[in-house]
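Visitor: Under our numbering, the sequence shown has 107 at position 107, and the numbering climbs by one with no breaks. Handing you a structure now.
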Amino acid sequence: MKTLVIAAHPALETSRINRKWLEEIRKYPEEITVSSLYEKYPDSVIDIAAEQALVEAHDRIILQFPFYWFNCPPLMKQWLDEVLLEGWAYGEGSWLFENKKTIGLAVSVGVKKKDYSPSGEYLHDMNTLLLPFEMTARYLKSGYEEPFIHYGVNSRTSEEELRESAERYAKHLLKATEVNV
């Protein structure tokens, strides 16, 4: 199963965890293709045909992004809106994802996991907050994987912790996963 990682970080050069994740997974070009949206499209003009060709060539799509303002970065949302078109990804005569592809997430979160709980500061867990992405996968009739989430990344996160997270992420992408269809 070939994996496509669609990464969206508007300041990748200053990111600690997303940059480290991409460095690690780029070591596996036979299994994982990386499409870093802000690197490819600094002017926010997405090559729709090229992105659709990438999606068509892969069985597993992972959306990687930092979670801020309780959502994904704007270019990731733009990618979803412009690339996953009716008549190509879904709709009459075309269900590209149906029982053929899976969608998953890789999300970095600045605060601790306990803050994303019913008793925490934000009152909801991450699965609830990421529900629009799960619903997108379900609408496309694809499988949906449990998100890979790294909590609490900040300036005090050690290089060792970053390395361990990147290695766990690579293993997550390289292993055969069970998918909720």
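Cβ atoms here follow ideal geometry from the backbone N, Cα and C, with glycine treated the same way. As the structure is a prediction and not an experimental result, all values here were calculated from the model.
1) May I ask which residues mark the beginning and end of the beta strand (DSSP E) holding L105?
2) Distance, Cα to Cα, R16 vs L162?
3) Put Y38 into one of helix, strand or coil per three-state DSSP.
4) Any chance the stretch 130-149 sits against the stretch 103-112, with 3 or more Cβ pairs inside 8 Å?
5) Near A166, what residues of its chain come up, given a Cβ to Cβ distance below 6 Å and the 5 sequence neighbours on each side ignored?
6) Check whether the Cβ atoms of D59 and K2 sit closer than 7 Å, and answer yes or no.
7) Per the DSSP calculation, Y60 is bridged to which residue(s)?
8) Which residue comes first and which comes last in the alpha helix (DSSP H) that contains H150?
9) Relative to the C-alpha of L12, which residue among P29, E39 and K141 is closest?
10) Taking only three categories from DSSP, how would you classify E31?
11) Taking the C-alpha atoms as reference points, what is the distance between F67 and G110?
12) Closer than 8 Å is the cut-off here; do at least three beta carbon pairs connect the stretch 79-86 with the stretch 119-126?
13) Apart from the five residues on each side of it in sequence, which residues of its chain come closer than 7 Å, Cβ to Cβ, to T177?
14) Nearest to G91 by CA position, among Q64, Y139 and I32, is which residue?
15) Can you give me the start and stop residues for the alpha helix (DSSP H) that T128 sits inside?
16) So, is N154 buried or exposed, given that buried needs 16 or more other C-beta atoms within 10 angstroms?
17) Return the residue from the list S36, S44, T14 and L4 that minimises the CA-CA distance to E30.
18) Looking at the unbroken alpha helix (DSSP H) that takes in V83, where does it start and where does it end?
19) S119: buried (16+ other C-beta within 10 angstroms of its C-beta) or exposed?
Guide: The short version:
1) L105: member of the beta strand (DSSP E) spanning T102 to V109, first to last residue.
2) If I take the Cα positions, the gap works out to 8 Å.
3) In the structure shown, Y38 sits in a helix (DSSP, three-state: H, G or I).
4) Three or more Cβ pairs closer than 8 Å define a contact, and the stretch 130-149 meets that threshold against the stretch 103-112.
5) K20, W21 and E24
6) Yes, the pair counts as a contact, with Cβ atoms nearer than the cut-off.
7) First, the amino acid is wrong: residue 60 is Arg here, not Tyr. According to DSSP, which records beta bridges pairwise, R60 is partnered with T3 and T102.
8) Careful: H150 lies outside any alpha helix (DSSP H), inside the beta strand (DSSP E) at F148 to H150.
9) E39
10) coil
11) 8 Å
12) no
13) Reliability of the predicted coordinates at T177 is poor, the pLDDT of 41 falling under 50, and the value obtained from them is presented with this limitation in mind. Cβ within range, chain order: E145.
14) Y139
15) M126 to L129
16) exposed
17) The option with the nearest alpha carbon to E30 is L4.
18) Run containing V83: P74 to V83, per the alpha helix (DSSP H) assignment.
19) exposed
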